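Per the numbering used here, the sequence shown starts with residue 3, numbered consecutively. We put the beta carbon where it would ideally sit given N, CA and C, even for glycine. Here the structure is a predicted model, which is why all the values come from computation and not from measurement. Heads up, the thing below is written out as structure tokens.
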Amino acid sequence: MKKSVMTIATMALAMTMVSCGSCKKVQGGVKGTESMEATKSEEAMDEGYLILSDEQRSIVDKNNGFALNLFHEISGFDSKVVSPMSISYLMGMLANGADGQTREEILKTIGCEGVSVEDLNALYKMMLQKANSLDKQTAVNIANYIALNKQYQLKNTFAGIMKNDYQAGVENLDFASSASVKHINQWCSKQTNGMIPSMISQLDANAVSCIMNAIYFKGAWTDKFDKKNTKLEAFHGYTRDIKKAQMMHRQAKYQYADGAGYSAVRIPYGNRSYEMVVLLPNQGSSIDEMMKKVDVKSLAELRDKMDECMVDLKLPRFSTELSLSLNGIISKLGAPSMFGGNANFSNFATGSLSISKMLQKAKIEVSEEGTKAAAVTAAIMTMSLQHPDEPRRVDFHADCPFVYMITEANTGAILFMGQFTGSEL
3 MKKSVMTIAT
13 MALAMTMVSC
23 GSCKKVQGGV
33 KGTESMEATK
43 SEEAMDEGYL
53 ILSDEQRSIV
63 DKNNGFALNL
73 FHEISGFDSK
83 VVSPMSISYL
93 MGMLANGADG
103 QTREEILKTI
113 GCEGVSVEDL
123 NALYKMMLQK
133 ANSLDKQTAV
143 NIANYIALNK
153 QYQLKNTFAG
163 IMKNDYQAGV
173 ENLDFASSAS
183 VKHINQWCSK
193 QTNGMIPSMI
203 SQLDANAVSC
213 IMNAIYFKGA
223 WTDKFDKKNT
233 KLEAFHGYTR
243 DIKKAQMMHR
253 QAKYQYADGA
263 GYSAVRIPYG
273 NRSYEMVVLL
283 PNQGSSIDEM
293 MKKVDVKSLA
303 ELRDKMDECM
313 VDLKLPRFST
323 ELSLSLNGII
333 SKLGAPSMFG
343 GNANFSNFAT
353 GSLSISKMLQ
363 KAKIEVSEEG
373 TKAAAVTAAI
383 MTMSLQHPDE
393 PRRVDFHADC
403 PFVYMITEAN
413 TGAILFMGQF
423 TGSEL
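Shown next as structure tokens:
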């Protein structure tokens, strides 16, 4: 029997270069300092990847650790998709408005304990500015927004950071008016190209602010699947039930590797600045068993040992969306104080403030042409009550539950992560 495929598609601004090999290795990564002159081809490569300092690369690895922790909290029997990067951006904004224990908890939760907010801001600013310019064939939009109750005013230092580092739009709105709800939802729809048309149904007239991040991704496969080869085939569900899925099929050279109890393939978009990484558990194993063995270190090692192989690739055409309440998850992952009377958001605005609600909506569509994905994460703030070798031939058939991530090839930072279990078939 064919291996069943588990895909990890992480839409992420990658912070480490993923190089292609072929049952042949291809060296990747940022150019060493020993190179006195960059060749034109190297310069062109740099334009297609995020080039980071060691400190910035470390922050991305820490954020990816948060992404995996987050995924462990939401995984289950149903298909799911989430954007860890969207949450990280929102948490970065909140960290700037926080102080004391609340700030420490926020940074620790996204893996950035010991990282200064200034360093975090600088990285997020660079990613925000460059994400959409890495590949002309791939659209990536990262946007931040603060809707502020007209009765309140942001502190000047915080407002300056939001404008300069997060490029956040700030608007004073009448929270008692339904027009403000419509206005906020229109922002969500615009930033996600209509994929997330609505985020909130009402606003508490006494709420202080609605802080939001949106991420939109649209990438065409470097080599598209031929629709003529898409056929209705068996998909082995989470409980080993057999369903039918529209299975896309393509035989071509892809980066491939075997992990501990699973295999992985990288499917590039456009000029290869972004890619989908698909993790497939071995026959008889499950997503849960596989993900227990996956961490930041093992993912990096997996990327390093990938070879270019002739892959018989099958991947289902699918669409998944998820609405997720984050209060309990973020509290469990290390930041409970931000939701209670002891929250310290003294750098945000005057008053005793806390987060009453944090949520995310995310959606992904995978087809023969490529991938579209979007997410909006929101926090409602209120006043507190207190020459190649012959490639090895392999089969990679995603005909069972899989995890997916979409990544920028040079860094590996996680924008979106989800699982497809066939529950909606």
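- Shown here for Ser358: same chain residues with a beta carbon closer than 6 Å to its own, the five before and five after excluded, namely Ile382 and Thr384 in chain order.
- Membership of Gly162 in the alpha helix (DSSP H) is indicated by the continuous run Asn158 to Asn166.
- Rounded to whole angstroms, Asn166 and Lys229 show a C-alpha spacing of 45 Å.
- When Leu72, Ala266, Ser275 and Asn273 are compared, the shortest CA-CA separation from Pro283 is found for Ala266.
- Per the coordinates, the alpha-carbon of Tyr256 lies some 25 Å from the alpha-carbon of Lys294.
- When secondary structure is reduced to three states using DSSP, Phe418 falls in the strand class.
- Of the candidates Gln421, Lys220 and Ala377, Lys220 places its Cα closest to the Cα of Glu371.
- In this structure, DSSP gives Gly353 a state outside helix and strand, which the three-state scheme calls coil.
- The count of Cβ pairs closer than 8 Å, one atom from the segment 103-121 and one from the segment 66-84, reaches three, so the stretches are in contact.
- By the neighbour-count criterion, in which 16 or more other beta carbons inside 10 Å mark a residue as buried, Thr224 falls on the buried side.
- Sixteen is the threshold: since fewer than 16 other Cβ atoms of the shown chains lie within 10 Å of the Cβ of Gln285, the residue is exposed.
- Counted as a single uninterrupted DSSP element, the stretch harbouring Ala181 is not any beta strand (DSSP E) but the alpha helix (DSSP H) occupying residues Ser180 to Gln193.
- Where Phe219 is concerned, the enclosing beta strand (DSSP E) starts and stops at Ser211 to Ala222.
- A buried status is given to Lys82, since no fewer than 16 other beta-carbon atoms sit within 10 Å of its beta-carbon.
- One Cα belongs to Ile186, the other to Ala170, and the distance between them is close to 14 Å.
- For the options Glu367, Gly272 and Ala236, the alpha carbon positioned closest to that of Phe418 is the one of Glu367.
- Excluding its 5 nearest sequence neighbours in each direction, Ile269 has C-beta neighbours in its own chain below 7 Å: Trp223, Tyr256, Glu277, Met278 and Val280, listed in chain order.
- DSSP places Ser287 outside both helix and strand once states are collapsed to three, so it counts as coil.
- Of all alpha-carbon atoms in Met312, Ala236, Glu173 and Lys307, the one lying nearest the alpha-carbon of Gly424 is that of Ala236.
- The segment 199-208 makes no contact with the segment 236-250: fewer than 3 CB pairs, one atom from each, lie closer than 8 Å.
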